[in-house]
Amino acid sequence: MPSRLLAVLLPALLLWAGNAPACTLWALQGADVAGGGSILVKNRDFAPDHPTRFALLAPRGGYRVAAMLSVTPEGRTMVVGGVNEKGLAVVTATAGTIPRSLRLERIREGGLVGAARTLLSRCASVDEVFADKETLARLAPAFALVADARRVAVLECSGTGYALEPVPAGAFAAHTNHPELPGGPEDLRQRPDAPGSVARLERIRSLLAQASRPLVLDSAASFSRDSVAGPDQSIFRTGSKPSSPRTLGMLAVWLPPGGAAPVLLARTSNPGEPEEERRLVLDEAFWRSAPAPGGSQPFPGFGAVPAH
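Just so we're aligned: the sequence shown equals residues -22 to -1, 1 to 286 in mature numbering (1 follows the signal peptide of the UniProt record, and there is no 0).
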């Protein structure tokens, strides 16, 4: 990766890794999806001073990306999910079993890069993600679900190694903030799994297992509102204290088969702002509206995005 790009990405990644967010990810594929293809969903949980924004990004030398962003109090942005112009979708969650200090150390020492922005700008399909072993080896600690219209995969990165496994046909995928892959890096689990991470994973798996098939995008996304486990351990978190992490947004995307345009649901739930939700069809007209290379622009109806 060019040193200029690394110099831009690394400060934001260090700020992002220094916090303790908690996200819930889930995906369905094939016959479980009405119309076929894949559905990928992320509920983004973070400290309330890191709002969610959505933007169309045009990286220099990479694919254009419809991105979910985390914004720091300093105005730096971090891509935490999205779908690119080729139909690849990636959503990420913090590797919460690696302490903050160790995540920062691995990022600094290894010159590591964020999974979502990097994979979305470089790869056109899940097959290409599997093939790009050099990039996978340089990803910062994170968990991710990766999908295109044909398949879904689970990615676990420790900063020193990674595991990437396809989701079997007929199965769904879910992830929170602790390791799940049997063959994942041994150094991912540096402390016990957080009770909230375990509770959210069990709950989303239960909802997915009990749901009538096939699901449409709105049905799969509706699980993002589930709050049965209270303010701090639910899929939709409100936080028991003013400073507590809470759900700040949702991204859900349907990747239909046959090259049809993806459909994206974007929602912000930022404190002090009205909740906003938009449905976008990511067709040729959408991608043609992208800014010049190196630029970004907010989704229609959403707030401005800081320069990044």
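Where a beta carbon is used, it is the ideal one built from N, C-alpha and C, also for glycine.
Contact criterion: CB-CB distance below 8 Å. Does residue i meet it with respect to chain B?
i, result
"Ser200", "The chain labelled as chain B is not found in the depicted structure, where only one protein chain is given."
Which residues does DSSP list as the beta-bridge partners of residue i?
i, result
"Ala67", "Val61, Ala125"
"Asp23", "Thr225"
"Ala141", "Glu134"
"Leu18", "Ala5, Val231"
"Leu117", "Val91"
Reducing DSSP to helix, strand and coil, say where residue i ends up.
i, result
"Gln188", "helix"
"Gly39", "coil"
"Gly227", "strand"
"Ala9", "helix"
"Pro269", "coil"
"Arg54", "coil"
"Val206", "coil"
"Ser48", "strand"
"Ile213", "coil"
"Ala149", "coil"
"Thr75", "coil"
"Arg31", "strand"
"Val283", "coil"
"Pro170", "coil"
"Glu180", "helix"
"Glu251", "coil"
"Gly237", "coil"
Where does the unbroken alpha helix (DSSP H) through residue i begin, and where does it stop?
i, result
"Ile85", "78 to 88"
"Asp196", "195 to 200"
"Ala131", "First-last for Ala131: 130 to 135, but that is the beta strand (DSSP E), not the alpha helix (DSSP H)."
"Leu98", "93 to 100"
With respect to the beta strand (DSSP E) encompassing residue i, which residues constitute its N-terminal and C-terminal limits?
i, result
"Val107", "Run containing Val107: none in the beta strand (DSSP E); it sits in the alpha helix (DSSP H), 104 to 109."
"Val262", "The identity of residue 262 in the sequence shown is Glu, whereas the question assumes Val. No beta strand (DSSP E) contains Glu262, which is instead part of the alpha helix (DSSP H) from 262 to 266."
"Ser222", "Looking at the DSSP string, Ser222 is not in any beta strand (DSSP E), and its letter there is neither H nor E."
"Thr246", "241 to 246"
"Phe277", "From DSSP, Phe277 is part of no beta strand (DSSP E); its letter is neither H nor E."
"Leu159", "Segment: none, Leu159 is in no beta strand (DSSP E) and carries neither H nor E."
"Glu254", "254 to 259"
Buried or exposed: where does residue i fall if 16 or more other Cβ atoms within 10 Å of its Cβ makes it buried?
i, result
"Ser190", "exposed"
"Leu243", "buried"
"Gln188", "exposed"
"Gly272", "exposed"
"Gly236", "exposed"
"Arg42", "buried"
"residue 347", "There is no way to answer for residue 347, as the model of the chain reaches only from -22 to 286."
"Pro269", "exposed"
"residue 320", "Any answer about residue 320 is impossible in this case: the structure gives the chain only from -22 up to 286."
"Ala9", "exposed"
"Gly283", "Correcting the residue type first, residue 283 is Val in the shown sequence and not Gly. With 16 or more Cβ atoms within 10 Å of its Cβ, Val283 is classed as buried."
"Arg95", "buried"
"Arg31", "buried"
Say yes only if the C-beta of residue i is nearer than 7 Å to one or more non-hydrogen atoms of the ligand ZN, and no if none qualify.
i, result
"Arg116", "For the ligand ZN, the structure offers nothing, since it holds no ligand at all."
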